[in-house]
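Inspection log for the structure reproduced underneath, given as structure tokens.
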Amino acid sequence: MARDQIVVGIDLGTTKVCTVIADMTRKIPEVLGVGVCPSQGLRRGVVVDVESAAEAMGASLRRAEQQSGYKAMSAFVGIAGPYIGSTNSHGIVAIRHPDNLISSDDVERVIDGARIIQLPPDQEILHVIPRHFVVDGMDGIKHPVGMAGHRLEVEANIVTASTTSIHNLIRCADAVGIQLDGLVFGPLAAGQAVLSDDERELGAMVIDIGGGTTDAAVFHRSGVIHACVLPAGGQHISNDLAFGLRATFPAVEELKIRHGSTIAQARPDGYTVPVPSFGRDEGQLVEQRTVAEIIDARLAETFELVQTQMERAGFRDCYPAGIILTGGSAQIPGAPELASEVFGAPSRLGAPQNLRGLADAVRSPAFSTSVGLLLWAREQMVSSRYPRGGGRGHVGSAFKAWLRNFFP
Numbered sequence: 011m012a013r014d015q016i017v018v019g020i021d022l023g024t025t026k027v028c029t030v031i032a033d034m035t036r037k038i039p040e041v042l043g044v045g046v047c048p049s050q051g052l053r054r055g056v057v058v059d060v061e062s063a064a065e066a067m068g069a070s071l072r073r074a075e076q077q078s079g080y081k082a083m084s085a086f087v088g089i090a091g092p093y094i095g096s097t098n099s100h101g102i103v104a105i106r107h108p109d110n111l112i113s114s115d116d117v118e119r120v121i122d123g124a125r126i127i128q129l130p131p132d133q134e135i136l137h138v139i140p141r142h143f144v145v146d147g148m149d150g151i152k153h154p155v156g157m158a159g160h161r162l163e164v165e166a167n168i169v170t171a172s173t174t175s176i177h178n179l180i181r182c183a184d185a186v187g188i189q190l191d192g193l194v195f196g197p198l199a200a201g202q203a204v205l206s207d208d209e210r211e212l213g214a215m216v217i218d219i220g221g222g223t224t225d226a227a228v229f230h231r232s233g234v235i236h237a238c239v240l241p242a243g244g245q246h247i248s249n250d251l252a253f254g255l256r257a258t259f260p261a262v263e264e265l266k267i268r269h270g271s272t273i274a275q276a277r278p279d280g281y282t283v284p285v286p287s288f289g290r291d292e293g294q295l296v297e298q299r300t301v302a303e304i305i306d307a308r309l310a311e312t313f314e315l316v317q318t319q320m321e322r323a324g325f326r327d328c329y330p331a332g333i334i335l336t337g338g339s340a341q342i343p344g345a346p347e348l349a350s351e352v353f354g355a356p357s358r359l360g361a362p363q364n365l366r367g368l369a370d371a372v373r374s375p376a377f378s379t380s381v382g383l384l385l386w387a388r389e390q391m392v393s394s395r396y397p398r399g400g401g402r403g404h405v406g407s408a409f410k411a412w413l414r415n416f417f418p
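Residue numbers (this note's numbering): 11 to 418.
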């Protein structure tokens with residue numbers, strides 16, 4: 011087991027921190043260690059208390075290290091939050107080679123050209139993701155290296171993130187004592203874990219319903235064409251339940267897990283569940299259908315907001331392969347059926363597959379991002395056939411050089 015093939019992925023979420031350590035030597039990753047801890051110091055996916063967030067990150071990492079017997083020196087970390095942006099860009103260059111053969115340098119130059127966009131002063135480029143290349147007007151090309159041509163173009167999706175959010179994640183990692191191998195947008199990582207090759211090629215949307223945010227990314231021709239983040243997640247469902255049932259937050263969290271569902275999966279009328287409530291020592295009995303109605307309303311609204319975002323960006327009908335739900339709150343019974351109803355497209359629950367070792371420990375939608383970080387890392391380090399243009403999710407010297415901007 012080569013040390014340089016051991017990869018660590020940390021999903022620092024609003025409600026929990028998931029760390030996965032895996033050996034990526036073989037085609038099928040071997041999960042060596044898993045660590046899950048309650049999160050703290052985050053609000054809507056954004057670090058608001060570095061010390062508390064670092065404490066939670068460190069606790070999760072130590073559990074995974076203890077289970078795996080591996081001391082982590084660095085990690086890939088997921089990034090989310092409402093300050094994530096997505097835009098499409100275009101780059102064009104002339105081919106320099108005397109025989110007009112396109113080289114990897116030409117590909118890197120054209121991707122660098124796509125990176126030249128106007129950004130607010132508080133935003134940084136996180137990823138530059140080529141959608142496809144164009145050689146002398148011939149589009150739809152995935153791998154142009156070795157082709158002959160005079161002009162190379164690229165259509166790329168650029169994911170941006172708040173400089174402050176990035177800076178605080180770096181501070182968290184520094185406090186824990188690990189280096190950052192890369193920062194990766196959550197749904198981009200989750201897509202690596204839950205999408206089939208056919209879904210990525212034909213067009214599918216990953217919706218990651220976390221505790222504080224819902225993140226969505228549309229994949230087409232194996233690349234991301236648009237992404238968005240909404241400041242609503244599982245915590246908002248719990249808030250609705252607490253308000254509607256006049257119950258404590260811990261009580262409705264347990265209620266959501268044990269008896270939560272959408273209306274489509276609701277129990278028959280008259281089926282009641284106990285709920286501790288304010289001002290009643292003995293609690294109360296509530297119809298499960300009432301619980302389902304509250305959850306259904308919030309989930310439907312969230313899906314409708316995602317649909318509106320995609321419609322405004324011009325990508326409403328770009329996911330013929332359907333909707334793949336992931337994240338902890340996606341496990342609410344009936345969520346896929348509700349998504350199908352709202353989007354008018356097939357929908358399913360997505361969870362990591364094709365794993366060895368402690369695979370059962372992470373075969374859940376709650377681990378899609380942390381496992382996806384490992385797969386993203388392998389693609390970047392081994393399988394990538396084009397550079398990422400020095401985005402902040404980039405592996406290697408370019409990313410490390412960028413980090414030094416924050417640490418003079």
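C-beta atoms are modelled at their ideal positions from N, C-alpha and C, and glycine is treated no differently.
Original post:
Going along the chain, which residues of its own chain have a beta-carbon closer than 6 Å to the beta-carbon of V204, five neighbours each way excluded?
Top reply: Hits under 6 Å: I334, T336, G360 and S378.
Original post:
Nearest to T224 by CA position, among C182, T25 and Q15, is which residue?
Top reply: With respect to the C-alpha of T224, the residue from C182, T25 and Q15 having the closest C-alpha is T25.
**OP:** Compute the distance between the beta-carbons of A331 and D208, then report whether it is under 8 Å.
**Re:** Against a cut-off of 8 Å, the Cβ pair of D208 and A331 comes out as a contact.
Original post:
Which whole-angstrom value is the C-beta distance of R35 and V18, which I expect to be below 8 Å?
Top reply: It should be pointed out that residue 35 corresponds to Thr in this sequence rather than to Arg. That pair is no contact at about 15 Å.
**OP:** Have a look at P92, Q133, S78 and I188 and flag the residue whose alpha-carbon is nearest the alpha-carbon of A242.
**Re:** The candidate whose alpha carbon is nearest that of A242 is P92.
**OP:** Let me know the secondary structure DSSP gives K26 once reduced to three states.
**Re:** Secondary structure of K26 (DSSP, three-state): strand.
**OP:** Would you kindly check if the distance between the Cβ of G196 and the Cβ of G95 is under 8 Å?
**Re:** No, these two residues do not count as a Cβ contact at 8 Å.
**OP:** Could you tell me the distance, in whole angstroms, from the CA atom of D327 to the CA atom of S78?
**Re:** Taking the straight line joining both Cα atoms gives about 43 Å.
Subject >> Classification of G364 by the beta-carbon crowding that lies within 10 angstroms, buried from 16 upward >> reply: Reading off the sequence shown, one finds Asn at residue 364, where the question assumed Gly. Counting the other Cβ atoms within 10 Å of the Cβ of N364 gives fewer than 16, which makes it exposed.
Original post:
How about V316 and A90: do their beta carbons lie closer than 8 Å?
Top reply: No, Cβ-Cβ distance for V316 and A90 is not below 8 Å.
Subject >> C-alpha distance - Y396 paired with H107, whole-angstrom precision >> reply: For Y396, the predicted structure reports a pLDDT of 41, less than 50, and the residue's modelled location is therefore unreliable. The matter cannot be settled from this model.
Subject >> Spatial distance of F325 from E311 (CA atoms) >> reply: F325 and E311: Cα-Cα distance of roughly 19 Å.
Original post:
Does DSSP classify R395 as helix, strand or coil?
Top reply: Confidence is the limiting factor: at R395 the pLDDT is only 42, short of 50, which leaves the residue's position unreliable and the question unanswerable from this model.
Subject >> Span of the alpha helix (DSSP H) around S271 >> reply: Unbroken run through S271: none, as it is neither H nor E.
Original post:
With distances taken between CB atoms, is the gap from A257 to S287 smaller than 8 Å?
Top reply: Contact annotation: A257 and S287 have beta-carbon atoms nearer than 8 Å.
Original post:
Can you give, in chain order, each stretch of the alpha helix (DSSP H) that sits fully within the region 279 to 350 and has at least 4 residues?
Top reply: Entirely contained in the region 279 to 350, the alpha helix (DSSP H) runs reaching 4 residues are, in chain order, 298 to 323.
Original post:
Is N110 helix, strand or coil when you go by DSSP?
Top reply: N110: coil per DSSP, three-state reduction.
Subject >> Coil, strand or helix - I247 by DSSP >> reply: DSSP places I247 in helix when its eight states are reduced to three.
**OP:** Could you tell me whether the region 335 to 349 touches the region 266 to 279, where touching means 3 or more Cβ pairs closer than 8 Å?
**Re:** Counting Cβ pairs under 8 Å, three or more are found: they touch.
Original post:
In chain order, which alpha helix (DSSP H) runs of at least 4 residues are fully inside the region 77 to 146?
Top reply: Counting only runs of 4 or more, we get 114 to 124.
Subject >> Residue range of the beta strand (DSSP E) that includes Q189 >> reply: First-last of the beta strand (DSSP E) with Q189: Q189 to F195.
Original post:
Measuring CA to CA, which of F313, S380 and G367 is closest to S350?
Top reply: For S350, the nearest C-alpha among the options comes from F313.
**OP:** Would you check if there are 3 or more beta carbon pairs closer than 8 Å linking the region 165 to 180 to the region 68 to 77?
**Re:** At 8 Å Cβ cutoff, the stretches do not touch.
**OP:** Classify L359 as helix, strand or coil using the three-state DSSP reduction.
**Re:** For L359, the three-state secondary structure derived from DSSP is strand.
Subject >> Distance, G23 Cα to G254 Cα >> reply: Using only the alpha carbons, I get a separation of about 26 Å.
**OP:** Would you be able to state if there are at least three C-beta pairs under 8 Å between the region 100 to 116 and the region 213 to 221?
**Re:** In short, these stretches do not touch, since the Cβ pair count stays below three.
Subject >> Straight-line Cα distance separating P260 from P284 >> reply: P284 and P260: Cα-Cα distance of roughly 13 Å.
**OP:** Have a look at S380 and L193 and give me their C-alpha separation to the nearest angstrom.
**Re:** Their backbone Cα atoms lie some 12 Å apart in a straight line.
Subject >> Proximity winner among V120, G222 and I188, relative to V56 (alpha-carbon distances) >> reply: Checked all of V120, G222 and I188; the closest Cα to V56 is G222.
Original post:
Which residues share a DSSP beta bridge with C238?
Top reply: Answer by DSSP bridge pairing, in chain order: A226.
Subject >> Sequence-distant residues of the same chain with beta carbon closer than 6 Å to R388, five excluded per side >> reply: Excluding sequence positions up to five before and after R388, its CB lies within less than 6 Å of the CB of M34, all in the same chain and listed in chain order.
Subject >> Contacts around S393, its chain only, beta-carbon distance under 6 Å, and the 5 residues preceding and following it disregarded >> reply: Since pLDDT at S393 reaches only 44, below the 50 mark, its modelled position is unreliable, and the value read off the structure follows with that caveat. Residues of the same chain with their beta carbon placed closer than 6 Å to that of S393 are lacking, with the five preceding and five following residues left out of the count.
Original post:
Helix, strand or coil: how does DSSP classify D184 here?
Top reply: Here D184 sits in helix by DSSP.
Original post:
By DSSP, does D207 sit in helix, in strand, or in coil?
Top reply: Looking at D207 - three-state DSSP - the assignment turns out to be helix.
**OP:** Mind checking which residues open and close the beta strand (DSSP E) that includes L162?
**Re:** That run of the beta strand (DSSP E) goes R161 to S172.
Original post:
If you run the structure through DSSP and keep just helix, strand and coil, what is G367?
Top reply: Residue state, collapsed to three classes: strand.
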